[in-house]
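Notes to accompany the following structure.
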Amino acid sequence: MATSVVSLTKKPEEREIQHLKPPVPASALEHKNLLERPDFRRIPAYRDVTDEQFLDHHWQAKKSITRPDKLLEALQGLASEAFIKDATEGFARAPMSVRVSPYVMSLIDWNDPYNDPLRTQFIPIASRMLPDHPKLGLDSLHEQEDAPVPGLTHRYYDKALFLPLDTCPVYCRFCTRSYAVGNDTELVDKVHLRVDIERWAKAFQYISERPELEDIVVSGGDAYQLRPDQLRHIGETLVKLDNIRRIRIATKGPAVMPQKVLTDVEWLDAVTHVVDLGRKLHKEVVLHTHFNHPNEITGITRDAMLRLFERGITVRNQSVLIRNVNDSPETMRLLVKRLGHVHVHPYYVYVHDMVKGAEDLRTTVQTGIDIEKYVRGSTAGFNTPTFVVDAPGGGGKRVCHSYEHYDRTTGISVFHAPSVKAGQHFLYFDPIDRLPEAGRARWADPAEHAKMVDEAIEATNAKLR
Ligand SMILES: *Cc1c(COP(=O)(O)O)cnc(C)c1O
Ligand code: SF4
-12 MATSVVSLTK
-2 KPEEREIQHL
8 KPPVPASALE
18 HKNLLERPDF
28 RRIPAYRDVT
38 DEQFLDHHWQ
48 AKKSITRPDK
58 LLEALQGLAS
68 EAFIKDATEG
78 FARAPMSVRV
88 SPYVMSLIDW
98 NDPYNDPLRT
108 QFIPIASRML
118 PDHPKLGLDS
128 LHEQEDAPVP
138 GLTHRYYDKA
148 LFLPLDTCPV
158 YCRFCTRSYA
168 VGNDTELVDK
178 VHLRVDIERW
188 AKAFQYISER
198 PELEDIVVSG
208 GDAYQLRPDQ
218 LRHIGETLVK
228 LDNIRRIRIA
238 TKGPAVMPQK
248 VLTDVEWLDA
258 VTHVVDLGRK
268 LHKEVVLHTH
278 FNHPNEITGI
288 TRDAMLRLFE
298 RGITVRNQSV
308 LIRNVNDSPE
318 TMRLLVKRLG
328 HVHVHPYYVY
338 VHDMVKGAED
348 LRTTVQTGID
358 IEKYVRGSTA
368 GFNTPTFVVD
378 APGGGGKRVC
388 HSYEHYDRTT
398 GISVFHAPSV
408 KAGQHFLYFD
418 PIDRLPEAGR
428 ARWADPAEHA
438 KMVDEAIEAT
448 NAKLR
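Residues -12 to 452 (the working numbering) make up the sequence shown, in order.
As structure tokens, this is what we get:
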């Protein structure tokens, strides 16, 4: 008894504790090692830009790049001529619009743009494109088929997806909503979902007429693009609906332009107002964002996320599993831990949807299963994302390893969704170039396509019998 009292009064250096574990290497703390300020002045176009300008969301939005000649201009003397030519051709062939913020431009390694994870997500390169999978279509998730009002998808029983507008602060090559989001490209005439108070009113009315709806995802497009008064209007209307208990406001913004959270005070006040009003009315209002790679999280991001944290705003993250971006276990673990470090909860990792012009970005369902196994256990359970496949055909999100059947040779997995669309089979198709030789050979023969699908369905039914 006496000795323990004495030891409590000892100075730390006099106490000897058996640690049991060896000291951790610096690499184990890499998630805390943030790049404080991107070195944006190494990009010729930003050489004379001040820190204040770089931190200003107006400047970030105004200087975002949407045309290949502007990209060329920004990178004069930095990236190789061959790369610029490849990107210019990529812009012309991409079904998705291109828009890249200076923040993202400043995080890309221009000495090796081909392998850079941010370049891969936002700037299409003709030489890396792969033919689309034969089973792929625009709106692979059938969002439009489940839409009673344009821009309102009611697929799941108690939750709905509301798309108030169709623009974003950047355009992602892998966007599931390429059917609507962004400008018309040479290849795709889009369904436009413009800011339209009348359309919104119809969506609110539908929501109020469905008592089973409790949960609204306000997505887009992107809430970063909404004016503060529009955000207030949407938020106030939804939190006041009796049946609505939960609202999520989705924005890619923090990942590609964290400056806005710090310098667009009116916008942040509008978000805070809706969150606070929700809390008073006992409704949950949170932000959902979309980081895909640890390099997207800098000191600016941390400052922005801590600003939200101080205001009591919960932020969750949804990532897409993207080839050469985050499809390695180590990168995904670093992303998950870094998100946790800046108080963002990793919520989902989506196996890449089947969208046009992005075949080089997809991975297999097996990759998702393998990475999930590696990530789980590395941090808090509530910060461990669920790896899901958003099954084409409108089956909704299914946990990767919950397939009914999975043929790794043909790359076909079959999912069931009893609470969404009971009795239906939902098929996902791994990218062909990632299949074993036998699988690639079968996909090379169009006569085999229907056969492979029939086999998968037959195998699933046989298992159930
Ligand atoms: C993802 C999604 C939701 C929300 O689903 P959660 O699993 O609750 O995140 C709602 N509606 C649609 C159409 C969706 O795609
Ligand atoms: S921010 Fe979201 S909606 Fe906009 S282009 Fe990217 S993935 Fe699509």
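A virtual CB, placed ideally from N, CA and C, is assigned to each residue, including glycine. Nothing here was measured: the structure is a model prediction, and the numbers come from that model.
Item	Value
Which residues bound the beta strand (DSSP E) around E333?	The displayed chain sequence assigns Pro, not Glu, to residue 333. Note, P333: beta strand (DSSP E), 332 to 338.
Hey, would you say the C-beta of Y158 is under 6 Å away from at least one heavy atom of ligand 2?	yes
With DSSP run on the structure shown, which of helix, strand or coil describes V36?	coil
Is the distance from the Cβ of F374 to the Cβ of V336 below 7 Å?	yes
State buried or exposed for D314, treating a residue as buried only when at least 16 other CB atoms are found within 10 Å of its CB.	buried
Is the beta carbon of S88 less than 7 Å from the beta carbon of Q47?	yes
Please confirm whether D145 and E201 have their CB atoms less than 7 Å apart.	yes
For the pair the segment 415 to 424 and the segment 388 to 401, tell me if three or more CB-CB distances fall below 8 Å.	yes
I need the boundaries of the beta strand (DSSP E) containing T276, first residue and last residue.	271 to 276
Can you confirm whether the segment 40 to 57 touches the segment 245 to 260 when touching is taken to mean that 3 or more C-beta pairs between the two stretches lie within less than 8 Å?	yes
How about D119 and E346: do their beta carbons lie closer than 7 Å?	yes
Taking the beta carbon of R454 as the centre, do at least 16 other beta carbons fall within 10 Å, making it buried, or is it exposed?	Examination of residue 454 is not possible in this model, given that the chain is present from -12 through 452 alone.
Return the Cβ separation of V205 and P151 in integer angstroms, given the expectation that the two are a contact with Cβ distance under 8 Å.	6 Å
Determine the direct distance from the alpha carbon of K8 to that of M(-12), and round the result to whole angstroms.	Model confidence at M(-12) stands at a pLDDT of 45, short of 50, so the residue's coordinates are unreliable; what they give is reported in the following sentence. So the two alpha carbons sit approximately 28 Å from each other.
So, helix, strand or coil for V204, using DSSP?	strand
Whose beta carbon lies closer than 7 Å to any heavy atom of ligand 1, going through the chain in order?	L128, E130, D133, T140, R142, Y143, K146, A147, L148, D202, V204, Y335, D377, G383, K384
For N370, count the other beta carbons within 10 Å of its own beta carbon; 16 or more makes it buried, fewer makes it exposed. Which is it?	buried
My guess is that V272 and I234 are in contact by the Cβ rule of under 8 Å, so how many angstroms apart are they, rounded?	5 Å
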